[in-house]
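Novice:
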Ligand SMILES: C[S@@+](CC[C@H](N)C(=O)[O-])C[C@H]1O[C@@H](n2cnc3c(N)ncnc32)[C@H](O)[C@@H]1O
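In the numbering used here, the protein residues as written are 13 to 219.
1) Have a look at residue 27 and residue 96 and give me their C-alpha separation to the nearest angstrom.
2) Using a threshold of 7 Å, is the CB atom of residue 23 nearer than that to any non-hydrogen atom of ligand 1?
3) Among 182, 215, 59, 82, which has the Cα closest to the Cα of residue 117?
4) Comparing the CB of residue 100 with every heavy atom of ligand 1, is any distance shorter than 7 Å?
5) Would you call the CB atoms of residue 80 and residue 90 closer than 8 Å?
6) Buried or exposed for residue 226, going by 16 or more other Cβ atoms inside 10 Å?
7) Which residues does DSSP pair with residue 209 in a beta bridge?
8) Rank 174, 168, 112 by C-alpha distance to the C-alpha of residue 146 and give the top, closest one.
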């Protein structure tokens, strides 16, 4: 699968503004979601944080007793992550082509990970990521709406392109791939604008 040019430009923004992005979200992490996620995982399991950015969630996940592995395409974001987590596995790779064996993980954490992918690729990328999961929880959050890599001027990142989905679409994404016990919530954006909504889903894969 080719990476869309708008996805590349968005990743370049995370690369360039990694420090400022990390600072903007440092105190606004989904702590309760991390706990709900960890309650479905087994202590000591490897958990994949795909699109981890500068890695604030990696630390939260680690603190619950799982072993997170962070993946992102933006090197700048991974360099920031490395400063926070000197010994954690961090991998620079595209979401659609990750260098892991099937069923390697006991949890899948996707916080805003699909925000810069074309909507038409979401199902394929989700299926590929799920194939890396053995059994365990799946967390997914995305902007709420229907836009498809629409241009946005972000106050921290500058010019980026974002995709969105409705809660019905996220629910269908989960259930059509066999994810069970799914809950889907709609929440205001904790960082930039509380009028902006996010869709947040949690479920689990049982094989
Ligand atoms: C909205 S940020 C989310 C970062 C972090 N998970 C969080 O919740 O704050 C999206 C992240 O996905 C990464 N990303 C976007 N497209 C990607 C792709 N095709 N492959 C790998 N990483 C990608 C970006 O570099 C960015 O760090």
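All residues carry an ideal CB built from backbone N, CA and C; glycine is no exception.
Specialist: In this structure, then:
1) 16 Å
2) yes
3) 59
4) no
5) no
6) In the structure as shown, the chain starts at 13 and stops at 219, and residue 226 therefore has no counterpart that could be examined.
7) 200.
8) 112
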